[in-house]
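These notes are about the structure you will find just below.
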Amino acid sequence: MTILYAIFLGILQGITEFLPISSSAHLILAPLVTGQVDQGLAFDLAVHLGTLLAVLLYFRRDVFSLTTDSLAALSKRQHVGQSSLALAVVLGTIPACIAGLLLLDLIDTHLRSVAVIFVTTLVFGILLGFADVTAKTERDLSTLTLKDALLVGLAQAVSLIPGTSRSGATITAGLLLGLTRQAASRLSFLLAIPITFLAASVKLLEVISTDVASIDWLVFTIGSVSAFVTALVAIHFFLAWLNRFGMWPYVIYRLVLAAAIYWFLLR
60 MTILYAIFLG
70 ILQGITEFLP
80 ISSSAHLILA
90 PLVTGQVDQG
100 LAFDLAVHLG
110 TLLAVLLYFR
120 RDVFSLTTDS
130 LAALSKRQHV
140 GQSSLALAVV
150 LGTIPACIAG
160 LLLLDLIDTH
170 LRSVAVIFVT
180 TLVFGILLGF
190 ADVTAKTERD
200 LSTLTLKDAL
210 LVGLAQAVSL
220 IPGTSRSGAT
230 ITAGLLLGLT
240 RQAASRLSFL
250 LAIPITFLAA
260 SVKLLEVIST
270 DVASIDWLVF
280 TIGSVSAFVT
290 ALVAIHFFLA
300 WLNRFGMWPY
310 VIYRLVLAAA
320 IYWFLLR
């Protein structure tokens, strides 16, 4: 892999990981469009580490508050500050963990096709637009129940299917539950932290079990840094433009992408 292609993939991952447009779809489609070979497991680990560090840095105050309030709640055996939200994040992570353990081989073997990505890009793009237009977005995260967290977690589990988009599925579920755009997006970002950490851990174990000596560490580092920087920028502008533009730029992008996939790769 060339350095320029590593930078390109890092930027692609950084932009798409937290926007509701599916990073997995873009990383699967990239080699098909560019004619490059698949980037491999080690590079996937590198860009996941980059985006994980980005979301941790951007939401460092939230992570600190959730952690300290949870520890205090465990000590006092009662809810403290944002400990209820921390519990909701943990509960919302469980469905994706179970689905990953049970279905990951099926997903990797049968669902990483262009046809599947076309369908999920189109269908979940329409669902996101429907939720953004019709949902009564009045609730903030203080009203979040454990049932809500589980439902958003189930949406996150569905997003393991390439093309669905983890952030898209969780934001759609949050909007349909009546959360404001800000609340649904913040919950989606907080849910990204544990699930991205777990995904990166699994990839790390797989990389360690292979020939670590064959890793191109320069490309690994460049991909990780590119993803990190781009993800920080993407998160910032996504949140800054949320009220002004809503979800429609991403809905339109998904519809255009689905049309392009059909026209150029499926016809």
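The opening position of the sequence shown corresponds to residue 60 in our numbering, with each subsequent residue numbered one higher. Cβ atoms here follow ideal geometry from the backbone N, Cα and C, with glycine treated the same way.
Report the rounded CA-to-CA distance for residue i versus residue j, giving the unit in angstroms.
i      : j      : result
Leu264 : Gly99  : 14 Å
His169 : Thr152 : 24 Å
Val278 : Gly140 : 42 Å
Asp167 : Ala317 : 21 Å
Val192 : Arg303 : 14 Å
Ala174 : Leu325 : 7 Å
Leu68  : His295 : 20 Å
Within the same chain, show all residues whose beta-carbon is closer than 7 Å to that of residue i, passing over the 5 residues directly before and after it, in chain order.
i      : result
Ala243 : Ile230, Gly233 and Leu234
Trp224 : One point to set straight first is that residue 224 is Ser, not Trp, in the sequence displayed. Pro79, Ile80, Ser81, Phe183 and Ser218, listed in sequence order.
Arg245 : Leu200
Buried or exposed for residue i, going by 16 or more other Cβ atoms inside 10 Å?
i      : result
Thr75  : buried
Gly188 : buried
Asp103 : buried
Gln215 : buried
Ile320 : buried
Leu130 : exposed
Leu186 : buried
Gln137 : exposed
Gly94  : exposed
His107 : buried
Kindly give me the distance between the Cβ atoms of residue i and residue j, rounded to whole angstroms, as I take these residues to be in contact under 8 Å.
i      : j      : result
Leu210 : Leu144 : Actually they do not touch by this definition, with Cβ atoms about 15 Å apart.
Tyr221 : Arg171 : Correcting the residue identity first, residue 221 is Pro in this sequence and not Tyr. Pro221 to Arg171, Cβ: 5 Å. Contact.
Thr196 : Thr239 : 5 Å
If you drop the 5 nearest sequence neighbours on each side, which residues of the same chain put their C-beta closer than 6 Å to that of residue i?
i      : result
Gly344 : Here the chain comprises residues numbered 60 to 326, so residue 344 is not present and cannot be evaluated.
Asp60  : According to the sequence as given, residue 60 is Met; it is not Asp. Result list for Met60: Val278, in chain order.
According to DSSP, what are the bridge partners of residue i?
i      : result
Leu238 : Arg198
Is residue i a contact residue of the ligand NAD, with contact defined as CB to any heavy atom under 7 Å?
i      : result
Gly109 : Looking at this structure, you won't find the ligand NAD or any other ligand, since it has none at all.
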